[in-house]
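Residue numbers (our numbering): 31 to 154.
Using N, Cα and C, we set each Cβ at its ideal position, and we do this for glycine too.
The structure appears right after this line, and notes come after that.
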Amino acid sequence: MKKFILIAIVAFFSLNMFAQTTPAVEQQGQAVKKEMTQEQKDALQKVKDAKKEAKASKKALKEAKKSGDQTAIDAAKADKKADAEKLKAEKKAAKDAGIKHPEQKIKKHHKKMKDAKETAPAKN
31 MKKFILIAIV AFFSLNMFAQ TTPAVEQQGQ AVKKEMTQEQ KDALQKVKDA KKEAKASKKA
91 LKEAKKSGDQ TAIDAAKADK KADAEKLKAE KKAAKDAGIK HPEQKIKKHH KKMKDAKETA
151 PAKN
């Protein structure tokens, strides 16, 4: 009888613990999102923009290499290097603003948006 009571108590606490973790984790994530200041949001947006520019300059360099024009290649390389430096500076500014891993934060946001799009009901 004592073993049965002990097992019942352990089962109750373990089920209660699992039942509370999921909403608590979701609430914690929402709380962290609300704590983000406007300065941090601006810094994150600047990182996103710099990343887009770096990607565009990389693509321009690829196109210049296909064309074979040496002056265009040199200009594209300079643009790529400048955009890479800008991205690096924006990441540092984001870290100074209090965002630990701006790249991860952007990836998580994109993943969350993609998951929401996939799980959303189809519009008729």
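If I measure Cβ to Cβ from residue i and keep anything under 6 Å in the same chain, skipping five residues before and after, which residues do I get?
{"i": "L36", "result": "none"}
{"i": "D109", "result": "S87"}
{"i": "A127", "result": "E69, Q70, A73"}
{"i": "K76", "result": "E120"}
{"i": "D113", "result": "E83, A84, S87"}
{"i": "K111", "result": "none"}
Tell me which residues share the same chain as residue i and place their Cβ nearer than 8 Å to its Cβ, disregarding the 5 neighbours each side in the sequence.
{"i": "K138", "result": "none"}
{"i": "K135", "result": "L74, I129"}
{"i": "K122", "result": "none"}
Should residue i be listed as close to the ligand MG, given that the test is whether its C-beta is under 7 Å from any heavy atom?
{"i": "K92", "result": "The model on display carries no ligand, and the ligand MG is accordingly not part of it."}
Who are the Cβ neighbours of residue i in its own chain at under 7 Å, not counting the five residues just before and after it?
{"i": "A98", "result": "Note that residue 98 is Gly in the sequence shown, not Ala. If we look at G98 and ignore the five residues flanking it on each side, it has no Cβ neighbours."}
{"i": "K89", "result": "none"}
Practice prompt. Evaluate contact between the region 110-128 and the region 76-87, counting only Cβ atoms and requiring at least three cross-stretch pairs below 8 Å.
Written response: Yes, the region 110-128 is in contact with the region 76-87.
Worksheet entry | contact_flag[the region 103-110, the region 87-94] where n(CB pairs < 8 Å) is 3 or more | Below 8 Å, enough C-beta pairs join the region 103-110 and the region 87-94 to call them touching: three or more.
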